[in-house]
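Colleague: Numbered per this note's numbering, the sequence shown finishes at 676, counting up by one with no gaps.
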Amino acid sequence: MDTEEQLWRQIRVTDRMWEGPGQIAALEKVTRRVDALGLIAHRNEARVRLATAYLLGGEPAKAFEPLSLCLDSGDPELRPVFDHLAEAFVEDPRVPLADTLAVLDEGERLFGPMPDNRLIIASHLGTDADIGYEAPAESSRCGQCDTGLKIDHLLRIGRVDDAVELFSDDDYCSRQPHAMLAALMLPFARAGRLDDAVEAFRASYSAFWTEPAELGSLARHVEFCAHTGNHAAARKLVDRHGGWRPTPFGTMEFHAAAALVTDSHASLALEIAARFDARNGNSAQSRRIRASLAAEPAPVAVDLGSALLPRTKRMGSRLVIYPTTVEELASLAERNEDDPEFAAVMWERFDELLPNPEGELLARRRRAGSGGLAGATDPGASAFRRAALYLEEAPSRALTFARDAMDLFLAKFDYVNAARARLMAVWILAFTGDPKTALDLIDKPDPAGDNPEVQAEVLYTHGKLSQSFGDLDEAAFRLLMAAESFESAENTDALGWTRADLAELFLTMERFEDAADAAEEAVRLAPTARARALRNRAYLLRA
134 MDTEEQLWRQ
144 IRVTDRMWEG
154 PGQIAALEKV
164 TRRVDALGLI
174 AHRNEARVRL
184 ATAYLLGGEP
194 AKAFEPLSLC
204 LDSGDPELRP
214 VFDHLAEAFV
224 EDPRVPLADT
234 LAVLDEGERL
244 FGPMPDNRLI
254 IASHLGTDAD
264 IGYEAPAESS
274 RCGQCDTGLK
284 IDHLLRIGRV
294 DDAVELFSDD
304 DYCSRQPHAM
314 LAALMLPFAR
324 AGRLDDAVEA
334 FRASYSAFWT
344 EPAELGSLAR
354 HVEFCAHTGN
364 HAAARKLVDR
374 HGGWRPTPFG
384 TMEFHAAAAL
394 VTDSHASLAL
404 EIAARFDARN
414 GNSAQSRRIR
424 ASLAAEPAPV
434 AVDLGSALLP
444 RTKRMGSRLV
454 IYPTTVEELA
464 SLAERNEDDP
474 EFAAVMWERF
484 DELLPNPEGE
494 LLARRRRAGS
504 GGLAGATDPG
514 ASAFRRAALY
524 LEEAPSRALT
534 FARDAMDLFL
544 AKFDYVNAAR
554 ARLMAVWILA
564 FTGDPKTALD
574 LIDKPDPAGD
584 NPEVQAEVLY
594 THGKLSQSFG
604 DLDEAAFRLL
614 MAAESFESAE
624 NTDALGWTRA
634 DLAELFLTME
644 RFEDAADAAE
654 EAVRLAPTAR
664 ARALRNRAYL
674 LRA
């Protein structure tokens with residue numbers, strides 16, 4: 134039988150898990166255990182987290198049941214759930230209208246007015262034309278997200294100049310100012326502010342291009358391309374992101390934008406709109422989609438240049454920031470020939486920017502052969518290069534090539550490159566919704582060669598996957614080994630973030646002495662705000 138303290142720990146562990154099926158299953162399990170013991174405080178804590186997990190994990194229609202059992206408590210931690218609930222109503226037609234309004238009424242009784250959530254719902258129902266908006270005194274949204282909500286409202290009611298005037302990029306959060314820029318790039322183009330439009334496109338697309346949850350914002354990028362004479366770019370975005378299905382609303386928005394360049398998508402958008410209309414009791418969403426399909430293009434053509442190419446790329450646990458010129462890309466690839474995955478990414482970017490090089494650049498590109506992988510005719514190198522090339526646009530195909538490369542390298546006893554191919558396959562699986570298979574693959578006993586950097590990447594990835602499934606002891610063991618390997622490789626940056634991850638993990642495990650030591654080391658290596666905050670928290674809890 135679980136003790137109360139063990140149940141508290143099980144609830145807290147889920148905070149460190151990735152959003153999605155694994156986190157939901159863990160919270161459903163611990164909620165059943167809490168119910169069996171009749172622990173009221175635990176029940177509220179578990180259900181608040183379970184409702185949030187449903188909302189953020191792709192199952193918003195399930196959020197009502199756990200939420201409804203907590204309403205009478207007035208728990209302050211419930212406040213952000215009401216914000217998520219309004220958004221869940223917009224995202225999924227299975228979330229009932231009457232229940233949403235009833236729960237929001239109860240939320241306002243407990244916590245006061247929620248004009249932000251009222252506006253979100255009114256906008257979706259097509260009744261917000263005369264609604265003003267002031268940010269609420271209490272909200273789980275940051276100031277920038279409140280500004281973004283107001284900008285969207287102003288754009289909907291035709292006050293474009295006011296929306297543009299309100300924009301600010303002084304502060305950042307996980308969505309802002311990128312979501313605001315996505316909303317404003319087409320108004321910029323219509324107003325003749327072409328440089329601002331292109332920069333808004335570049336910045337917002339770079340922020341969202343790897344985020345399935347942002348499919349609605351990416352729909353705006355497709356729409357922008359379609360309305361500014363960039364039909365080929367629009368079709369490329371449709372091909373790149375069209376397989377994502379995060380929520381019904383995001384999917385509907387993307388189909389509506391895709392229909393501007395590909396006729397077959399219009400019926401799909403209208404089909405989803407009809408499901409929302411049936412729930413809402415009006416035709417607001419169908420009218421909005423039809424108006425979007427009939428909208429006039431911007432009065433001028435916009436040259437996107439290289440804006441369609443994101444500035445960043447995820448490689449394992451690293452976020453690579455591309456250089457801005459082909460000369461810098463070539464030099465960086467040549468200096469990193471011993472890291473074939475990184476070099477291949479640099480040459481891939483080089484080819485996108487300059488598909489037909491001449492002179493010295495042509496000679497350097499030819500010397501690179503297969504894009505940075507030694508041995509252009511080697512089957513493993515060829516499969517690895519193909520995997521890297523398909524990462525963005527066809528992850529499932531990239532996964533097939535990565536697995537092939539892993540087997541081919543292992544057959545030649547090339548353990549370093551086999552480990553690199555395995556890491557690529559693991560991250561593809563993890564970020565396409567199959568973390569269990571990713572963990573099984575990283576858990577194989579294949580050697581990683583004598584390259585400490587690659588060994589560290591394997592250990593780090595294994596540790597983070599174990600942590601996402603709640604196996605904290607295994608996660609701590611792997612991350613400690615990863616830290617030792619990063620230290621051997623003299624990779625100070627990676628060592629710093631691994632020590633910070635360890636500090637956070639030890640805090641979750643209530644190993645406060647270990648957390649303080651790891652945080653202290655993280656601050657010494659890289660004195661970031663996160664590392665300092667972890668150190669302060671560790672010392673506070675240790676006292």
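The C-beta atom is built at its ideal place from N, Cα and C for all residues, glycine as well.
1. Are the CB atoms of R632 and A655 nearer to each other than 8 angstroms?
2. When you compare the region 137-146 with the region 163-179, are there three or more beta-carbon pairs, one atom per stretch, that lie closer than 8 angstroms?
3. Does the separation of the CB atoms of H388 and L370 fall below 8 angstroms?
4. Where does A507 fall in DSSP's three states?
5. Are there 16 or more other CB atoms within 10 angstroms of the CB of F546, so buried, or fewer, so exposed?
6. Only counting the same chain, and skipping five residues up and downstream in sequence, which positions put a Cβ closer than 6 angstroms to that of G362?
7. So, at 8 angstroms on beta carbons, what are the nonlocal neighbours of S201 in its own chain, with the 5 sequence-adjacent residues on each side left out?
8. Would you mind sorting L519 into buried or exposed? The rule is 16 or more other CB atoms within 10 Å of its CB.
9. Taking contact to mean 3 or more Cβ pairs, one atom from each stretch, closer than 8 angstroms, check whether the region 220-236 and the region 404-417 are in contact.
10. Tell me whether the beta-carbon of F542 lies closer than 8 angstroms to the beta-carbon of A551.
11. What alpha helix (DSSP H) runs, 4 residues minimum, are completely inside the region 158-205?
12. Excluding the five sequence neighbours on either side, which residues of its own chain have a C-beta within less than 8 angstroms of the C-beta of A507, listed in chain order?
13. By the 10 Å Cβ neighbour count, where 16 or more other Cβ atoms means buried, how is R536 classified, buried or exposed?
14. With 16 other CB atoms within 10 Å as the buried threshold, where does Y548 fall?
15. Buried or exposed: which applies to L234, given that a residue is buried once 16 or more other Cβ atoms fall within 10 Å of its Cβ?
16. Going by DSSP in three states, D436 sits in which element: helix, strand or coil?
17. Check whether the region 609-616 and the region 628-643 are in contact - that is, three or more C-beta pairs closer than 8 angstroms.
18. Please state the DSSP three-state secondary structure of L218.
19. Using 8 angstroms as the threshold, is the region 388-399 in touch with the region 239-249, meaning 3 or more CB pairs across them?
20. Decide if I264 is buried, meaning its Cβ has at least 16 other Cβ atoms within 10 Å, or exposed.
21. Near E643, what residues of its chain come up, given a Cβ to Cβ distance below 6 angstroms and the 5 sequence neighbours on each side ignored?
22. Between the beta-carbon of A463 and the beta-carbon of L494, is there less than 8 angstroms?
23. From what residue to what residue does the alpha helix (DSSP H) around C306 run?
24. From P320, P528 and P490, pick the residue whose C-alpha is nearest to that of A333; which is it?
25. Alpha carbons only, please: which of K283, D328 and A366 is nearest the one belonging to M313?
26. Rank L572, A365, A424 and E481 by C-alpha distance to the C-alpha of G438 and give the top, closest one.
27. Please identify the residue among C203, E192, L204 and E198 whose C-alpha is closest to the C-alpha of E220.
28. Tell me the DSSP secondary structure of E607 in three-state form.
29. In terms of alpha-carbon separation, which member of G171, S307 and R182 lies closest to G153?
Modeller: Quick look at the numbers:
1. In the sequence shown, the residue the question calls residue 632 occupies position 499. In the sequence shown, the residue the question calls residue 655 occupies position 522. Yes.
2. The region 137-146 makes contact with the region 163-179; the number of CB pairs closer than 8 angstroms reaches 3 or more.
3. Here the question's residue 388 lines up with position 255 in the sequence shown. Here the question's residue 370 lines up with position 237 in the sequence shown. No. Outside cutoff.
4. Sequence index remark: in the sequence shown, residue 507 carries index 374 (1-based). Because the pLDDT of A507 is 41, which lies under 50, any placement of that residue in the model is unreliable, and the number read from its coordinates should be weighed accordingly. A507: coil per DSSP, three-state reduction.
5. As a first step, residue 546 must be located in the sequence shown, where it is residue number 413. The residue in question, F546, is exposed, as its Cβ has fewer than 16 Cβ neighbours within 10 Å.
6. Your numbering for residue 362 matches position 229 in the sequence shown. The beta carbon of G362 sits closer than 6 angstroms to those of A434, all from its chain and outside the five residues before and after it, given in chain order.
7. One-based indexing of the sequence shown puts residue 201 at position 68. Closer than 8 angstroms at Cβ, skipping near neighbours: V236.
8. Taking the sequence shown and counting its residues from 1, one reaches residue 519 at position 386. A quick correction: the sequence has Arg, not Leu, at residue 519. Answer is buried; the Cβ neighbour count reaches 16.
9. Output reads yes: the region 404-417 touches the region 220-236.
10. Stepping through the sequence shown from its first residue, residue 542 is reached at position 409. Stepping through the sequence shown from its first residue, residue 551 is reached at position 418. The answer is yes: Cβ separation under 8 angstroms.
11. As far as the region 158-205 is concerned, its whole alpha helix (DSSP H) runs of at least 4 residues are 173-189 and 197-201.
12. As a working note, residue 507 is residue 374 in the sequence shown. Low confidence applies here, because A507 scores a pLDDT of 41, under 50, leaving its location unreliable and the question unanswered by this model.
13. Residue mapping note: residue 536 aligns to position 403 of the sequence shown, counting from 1. Its Cβ being crowded by 16 or more others within 10 Å, R536 is buried.
14. For this step, residue 548 is matched to residue 415 along the sequence shown. Counting Cβ neighbours within 10 Å, Y548 comes out buried, since at least 16 surround it.
15. The residue given as residue 234 occupies position 101 in the sequence shown. For L234, the number of other beta carbons within 10 angstroms of its own is below 16, and it is reported as exposed.
16. Looking up residue 436 in the sequence shown gives position 303. In the three-state DSSP reduction, D436 falls in the coil class, being neither helix nor strand.
17. Taking 8 angstroms as the limit for Cβ pairs, the verdict is that the region 628-643 does touch the region 609-616.
18. Start at 1 with the first residue of the sequence shown, and residue 218 comes out as number 85. Shown here, L218 sits in a helix according to DSSP, grouped into three states.
19. Contact between the region 388-399 and the region 239-249 is absent, because fewer than three Cβ pairs lie under 8 angstroms.
20. Position 131 of the sequence shown, counting from 1, holds the residue named residue 264. Burial call: exposed.
21. As a working mapping, residue 643 is identified with position 510 in the sequence shown. Same-chain partners within the cutoff: there are none.
22. Residue mapping note: residue 463 aligns to position 330 of the sequence shown, counting from 1. Residue mapping note: residue 494 aligns to position 361 of the sequence shown, counting from 1. Note that the C-beta distance between A463 and L494 is below 8 angstroms.
23. Within the sequence shown, numbered from 1, the residue matching residue 306 stands at position 173. Annotation for C306: no alpha helix (DSSP H) segment contains it, and DSSP assigns it neither H nor E.
24. By one-based count along the sequence shown, residue 333 stands at place 200. Selected option, being the one with the closest Cα: P320.
25. Counted from its first residue, the sequence shown places residue 313 at position 180. Cα-wise, what sits closest to M313 is K283.
26. Walking along the sequence shown from the start, residue 438 turns up at place 305. Comparing alpha carbon positions, the residue from L572, A365, A424 and E481 closest to G438 is A365.
27. Numbered from its first residue, the sequence shown carries residue 220 at position 87. In this structure, E192 is the residue among C203, E192, L204 and E198 with its C-alpha nearest to the C-alpha of E220.
28. Position 474 of the sequence shown, counted from the start, is the residue given in the question as residue 607. E607 falls in the helix class under three-state DSSP.
29. Sequence index remark: in the sequence shown, residue 153 carries index 20 (1-based). Nearest option by C-alpha distance: R182.
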